[in-house]
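**Student:**
Number of protein chains: 2
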Amino acid sequence: MYRQPAHRSQSAHEGWRTPDVARSGELEALIALEQIGTRLRFSRNQEIYAQGESGGFWCQVVAGAVRITKLRSDGRRHIAEFCFTGDAFGLDRAAEREFSAEAVVDAVVMRYPRAATERLIDNNPVVARLLRDMTLKSLAAAQSRLALLGRTTAGERVASFLLELSERSDDRKRVELPMCRCDIADYLGLTAETVCRELSDLKRRKVIEVSPHSVRLLERFTLEAIGDE
Amino acid sequence: MYRQPAHRSQSAHEGWRTPDVARSGELEALIALEQIGTRLRFSRNQEIYAQGESGGFWCQVVAGAVRITKLRSDGRRHIAEFCFTGDAFGLDRAAEREFSAEAVVDAVVMRYPRAATERLIDNNPVVARLLRDMTLKSLAAAQSRLALLGRTTAGERVASFLLELSERSDDRKRVELPMCRCDIADYLGLTAETVCRELSDLKRRKVIEVSPHSVRLLERFTLEAIGDE
DNA sequence: CGCCAGTTTGACCAAGATCAACGCAAGTGG
DNA sequence: CCACTTGCGTTGATCTTGGTCAAACTGGCG
C-alpha cells in the first residue's frame, strides 16, 4: 500500500506521487490537471455532492477527510469509503451520483471538471495513466473491503480498521479518528455500540488506549493477529 | 446497467460494445486488442490464476462464468465477483494477485498480456478509454456490492442477487445459477444453509420457483420490493 | 455551571451460524 | 443392471454474535 511521506506539503499535488521514479511528463501532467481544477473549502459535515446529482466532476482531497456515503430509503446508511489527503473520489462516470460525499472535518478539496479532464486524457497519455492508477487503487480498496465485510467478525473489522488508518498515519503508533463512532459503524457494517464495545475490549486487553478522537496502538502485533485472521 | 443483446455471438468482442454509438477508432482498438490476446479454454473449477501469483495479464470472459475468490488462512472463503460473458477481470496492477480466478463452469477466456496492453494504451486513446471504462464499471459494481454486504438482511441479499443475475440474463424471467449454493453464500456473506432457507422461503411465498441450477421469477415486483428495501 | 452531542455500558433479543440428519441425482465399479 | 459412493441441496434444532433499547457518563462550549 502507498504510504504518505512523513513530511506533508499542502500542495494539491500531494498524493499524486507514485512510489516508483516519476515518469517523464508527469510534472507537466500534474500542472495541466491543476490548471483545470478548482480549490474548494468545506466545513465539518458539509455536503460536497449529493446522491442523485449529476456528476460533472471528480475530486481529490487536499486536506482533511471526506466520507462517501449512501443513504437507503429506510434510513440505513452505508459509508463506502473514507478519503484522506491524496485520495481521489467521485471518479465514476454514471449519469447520476450513486453516493454522496461529505466533509468529515473541515476539508480542502480540488475539484476537476469531467469534460476538461477527458480532453486532457485524450491528449496526454501520462494524465490518462494517472487517472487509471487512481481508479485501480480505488478498485483494489473496494475489493479488499468487500472481503472484510463479507466474512469477518466485529472484532476483526475494528482491528483492521485501526490498522488501515495507522498505515496512513504519520505516527504509526497513534491513529486519529476524525469521524464519530457511528461513521465507523456505518463503514464497517456494525452499530456504534458494537464498535464501542470492541474498542473497549481491546482497551481492556491493553492492546490499545482509547479516547474519543484518537487511539494509541500499544500492541500492533496483537492487532494484526486479530485483523488478518 | 448494460444489457446483453438477445442474440449473442461467440466473438471475443462480445461485451466491448457500449450502449451509445461507437466512437471513431473503436473497431481498430478492438482489433488491436484482439491481436495481443490469447483465447483459452478452462473446465469447471479449473484455476485461471491463483492468489499470490504475479499478475502479468488481465482477462475477459468470452463464454461461461468465472468467480474471483479470496481464501483466508483459516479457511473462510470470499467471492468478490462473478464474471459472465463480456466482463473483464484481473485488471488490478498489484505486484501479486490478491484474489484467484476459477472457472465456475466450462469457460472461454481471452487473456491479454499487461505489457503489450500498456503499449497499446499509450499509443491509442480509444484503447485507454475502453480499459478505463471497464475499470470504472468494476469499481461501480464493487461499490454497490459494498453497500449490499454492509447493511442488509439475508433475505435482501438473496433477492438482489437474483435480480442482479436476471439483469444479465437473456430471459428476464428465468435465471441460470451456474454456481453452487456455497458459491452464492460466499458471494453474499452468508452460509449455504441460509441461502437455501431464503430461497425456500421465496418459493413458499410463490415469488420464485427453484431448481438447483435455475430459478424462475414469478413476481419480480415482490423481489424488487425485498431487494431495494 | 448546565447543556448537548457523542460515547460507553448493561440487559435482553433475534437473525443467522453451526451442527446434524436426510434427500437426491450423477457417477463408478463389480 | 444394481449396490455404493460422492457431492450438493434441503430442513430442523440449538447456540452465538451482534443488534436493539435504555440508561449513565464525558467533554466541549456558550
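Here the protein sequences come in this chain order: A and B. First residue of the first sequence? That's 1 in this note's numbering, and the numbers climb one at a time after it. First residue of the second sequence? That's 1001 in this note's numbering, and the numbers climb one at a time after it. No residue lacks a Cβ here, since even glycine has one placed at the ideal position from N, Cα and C.
1. Under a three-way DSSP split, which group does B:K1070 fall into?
2. Anything in chain A within Cβ reach of B:G1150, meaning under 7 angstroms, just list it in chain order.
3. Taking Cβ-Cβ distances shorter than 8 angstroms, what residues in chain A pair up with B:S1073?
4. Which residues in the same chain have their Cβ closer than 7 angstroms to the Cβ of B:R1232, if we skip the five residues on either side of it in sequence?
5. Below 8 angstroms, can you find three or more Cβ-Cβ pairs linking the segment 1120-1129 of chain B to the segment 1192-1209 of chain B?
6. Note down, in chain order, each residue of its chain lying with its Cβ closer than 6 angstroms to the Cβ of B:E1081, except the 5 sequence neighbours on either side.
7. According to DSSP, is B:P946 helix, strand or coil?
8. What does the alpha-carbon distance come out to for the pair B:F1089 and B:M1134?
9. Using beta carbons (cut-off 8 angstroms, strictly below), is A:R132 in contact with chain B?
10. Just curious, the beta strand (DSSP E) that A:P125 is in, first and last residue?
11. Could you confirm whether any beta carbon from chain B is found closer than 8 angstroms to the beta carbon of A:E224?
12. Where does A:Q60 sit, in a helix, a strand or coil, going by DSSP?
13. Identify the contact partners of B:L1136 in chain A, using a Cβ-Cβ distance below 8 angstroms as the criterion.
14. Could you tell me whether the Cβ of A:S144 comes closer than 8 angstroms to any Cβ of chain B?
15. If you measure from the CB of B:Y1187, is any heavy atom of the ligand GDP nearer than 7 angstroms?
16. Using 10 angstroms around the beta-carbon of A:D171, count the other beta-carbons present and answer buried if the total reaches 16, otherwise exposed.
17. Exposed or buried, what is A:I231 when buried is set at 16 or more other beta-carbons lying within 10 Å of its beta-carbon?
18. So, using beta-carbon positions, are B:E1229 and B:E1156 closer together than 8 angstroms?
19. From B:I1184, B:A1107, B:R1093 and B:Q1046, pick the residue whose C-alpha is nearest to that of B:D1087; which is it?
20. Which value, in whole angstroms, describes the spacing of the CA atoms of B:G1227 and B:A1147?
21. Please check the pair B:V1235 and B:V1109, which I expect to be a contact at CB under 8 angstroms, by giving their CB distance rounded to whole angstroms.
22. Could you check whether A:E118 and A:G55 sit closer than 8 angstroms to each other, using their CB atoms as the reference points?
23. Just the Cα atoms here: how many angstroms apart are B:E1219 and B:F1161?
24. Suppose contacts are defined by Cβ-Cβ distances below 8 angstroms. Is B:L1139 in contact with A:A142 by that definition?
25. Within 10 angstroms of the Cβ of B:M1064, are there 16 or more other Cβ atoms? Answer buried if so, exposed if not.
26. Roughly how many angstroms lie between the CA atoms of B:R1132 and A:T222, to the nearest whole one?
27. How about B:A1140: is its C-beta nearer than 8 angstroms to some C-beta of chain A?
28. Taking the continuous alpha helix (DSSP H) assigned at A:A40, which residues delimit it?
29. Candidates A:D92, A:R205, A:S211 and A:D186: which alpha carbon is nearest A:L177's?
30. Whole angstroms is fine: what's the gap from A:H78's alpha carbon to A:A185's?
31. Assuming A:R114 and A:F42 are in contact, meaning their beta carbons sit under 8 angstroms apart, how far apart are those beta carbons, in whole angstroms?
32. Is the Cβ-Cβ distance between A:G189 and B:R1181 less than 8 angstroms?
33. Please identify the residue among A:R205, A:L199 and A:N45 whose C-alpha is closest to the C-alpha of A:S214.
34. So the candidates are A:S169, A:L120, A:V62 and A:K203; which of them puts its Cα closest to the Cα of A:V32?
35. Check distances from the C-beta atoms of the segment 1093-1122 of chain B to those of chain A and list, in chain order, the residues that come in under 9 angstroms.
36. Is the shortest distance between the beta-carbon of A:A128 and the beta-carbons of chain B less than 8 angstroms?
**Tutor:** Reading from the atomic positions:
1. Position 70 of the second sequence, counting from 1, holds the residue named residue 1070 of chain B. Of the three classes helix, strand and coil, the one that applies to B:K1070 here is strand, per DSSP.
2. Position 150 of the second sequence, counted from the first residue, corresponds to residue 1150 of chain B. Within 7 angstroms Cβ-Cβ: H78, L149 and G189.
3. For this step, residue 1073 of chain B is matched to residue 73 along the second sequence. Within chain A, the residues near B:S1073 are D228 and E229.
4. The first residue shown for chain B is 1001 and the last is 1229, placing residue 1232 of chain B beyond what the model contains.
5. no
6. Here residue 1081 of chain B corresponds to residue number 81 of the second sequence, with the count starting at 1. Hits under 6 angstroms: I1068.
7. Here chain B has residues from 1001 to 1229 only, and residue 946 of chain B is not among them.
8. What you label residue 1089 of chain B is simply residue 89 of the second sequence in a count that begins at 1. What you label residue 1134 of chain B is simply residue 134 of the second sequence in a count that begins at 1. Cα-Cα distance, rounded: 9 angstroms.
9. Here residue 132 of chain A corresponds to residue number 132 of the first sequence, with the count starting at 1. By this cut-off, A:R132 is an interface position.
10. Along the first sequence, read from residue 1 onward, the residue named residue 125 of chain A stands at position 125. First-last for A:P125: P125 to G150, but that is the alpha helix (DSSP H), not the beta strand (DSSP E).
11. Against the first sequence, residue 224 of chain A aligns to sequence position 224. No, because no Cβ of chain B sits closer than 8 angstroms to the Cβ of A:E224.
12. Taking the first residue of the first sequence as 1, we reach residue 60 of chain A at position 60. The answer is strand: DSSP assigns A:Q60 an E or B state.
13. Translated into the one-based positions of the second sequence, residue 1136 of chain B becomes position 136. What B:L1136 touches in chain A: L91, D92, R93 and T135.
14. For the purposes of this step, residue 144 of chain A is taken as residue 144 along the first sequence, with counting starting at 1. So, interface residue.
15. The ligand GDP is absent from the structure shown, which contains no ligands of any kind.
16. For the purposes of this step, residue 171 of chain A is taken as the residue at position 171 of the first sequence. It is exposed - the Cβ of A:D171 has fewer than 16 other Cβ atoms within 10 Å.
17. Here chain A comprises residues numbered 1 to 229, so residue 231 of chain A is not present and cannot be evaluated.
18. For the purposes of this step, residue 1229 of chain B is identified with residue 229 of the second sequence, where counting begins at 1. For the purposes of this step, residue 1156 of chain B is identified with residue 156 of the second sequence, where counting begins at 1. Contact: yes.
19. Taking the first residue of the second sequence as position 1, residue 1087 of chain B is located at position 87. Residue B:A1107 is the option with its Cα nearest to B:D1087.
20. As a first step, residue 1227 of chain B is located in the second sequence; it is residue number 227 there, counting from the start. As a first step, residue 1147 of chain B is located in the second sequence; it is residue number 147 there, counting from the start. Roughly 12 angstroms between the two C-alpha positions.
21. Residue 1235 of chain B lies beyond the stretch modelled for chain B, which goes from 1001 to 1229, so this question has no answer here.
22. Translated into the one-based positions of the first sequence, residue 55 of chain A becomes position 55. Translated into the one-based positions of the first sequence, residue 118 of chain A becomes position 118. Against a cut-off of 8 angstroms, the Cβ pair of A:E118 and A:G55 comes out as no contact.
23. In the second sequence, residue 1219 of chain B corresponds to position 219, counting from 1. In the second sequence, residue 1161 of chain B corresponds to position 161, counting from 1. Each residue's alpha carbon lies about 15 angstroms from the other.
24. Taking the first residue of the second sequence as position 1, residue 1139 of chain B is located at position 139. Taking the first residue of the first sequence as position 1, residue 142 of chain A is located at position 142. Yes.
25. The residue given as residue 1064 of chain B occupies position 64 in the second sequence. This sequence places Gly at residue 1064 of chain B; Met is not what is there. Its Cβ being crowded by 16 or more others within 10 Å, B:G1064 is buried.
26. The residue you call residue 1132 of chain B lines up with position 132 of the second sequence. The residue you call residue 222 of chain A lines up with position 222 of the first sequence. Cα-Cα distance, rounded: 39 angstroms.
27. Here residue 1140 of chain B corresponds to residue number 140 of the second sequence, with the count starting at 1. B:A1140 counts as touching chain A.
28. Translated into the one-based positions of the first sequence, residue 40 of chain A becomes position 40. Checking the sequence, you will find Leu at residue 40 of chain A rather than Ala. Element bounds for A:L40: not the alpha helix (DSSP H) but the beta strand (DSSP E), T38 to F42.
29. Residue 177 of chain A sits at position 177 when you count from the first residue of the first sequence. With distances taken between Cα atoms, A:L177 lies closest to A:S211.
30. Locating residue 78 of chain A in the first sequence gives position 78, counting from the first residue. Locating residue 185 of chain A in the first sequence gives position 185, counting from the first residue. Approximately 9 angstroms, taken between the alpha carbons.
31. Along the first sequence, one-based indexing puts residue 114 of chain A at 114. Along the first sequence, one-based indexing puts residue 42 of chain A at 42. The pair is not a contact, with the Cβ atoms about 20 angstroms apart (cut-off 8 angstroms).
32. As a position in the first sequence, residue 189 of chain A is number 189, starting the count at 1. As a position in the second sequence, residue 1181 of chain B is number 181, starting the count at 1. The answer is no: Cβ separation not under 8 angstroms.
33. Numbered from 1 along the first sequence, position 214 holds the residue referred to as residue 214 of chain A. Answer by Cα proximity: A:L199.
34. Here residue 32 of chain A refers to the residue found at position 32 when the first sequence is read from its first residue. According to the sequence shown, residue 32 of chain A is Ala rather than Val. Comparing Cα positions, the closest option is A:L120.
35. R1093, A1094, E1098, F1099, E1118, I1121 and D1122
36. Mapped onto the first sequence, residue 128 of chain A falls at position 128. True, the Cβ-Cβ gap to chain B drops below 8 angstroms.
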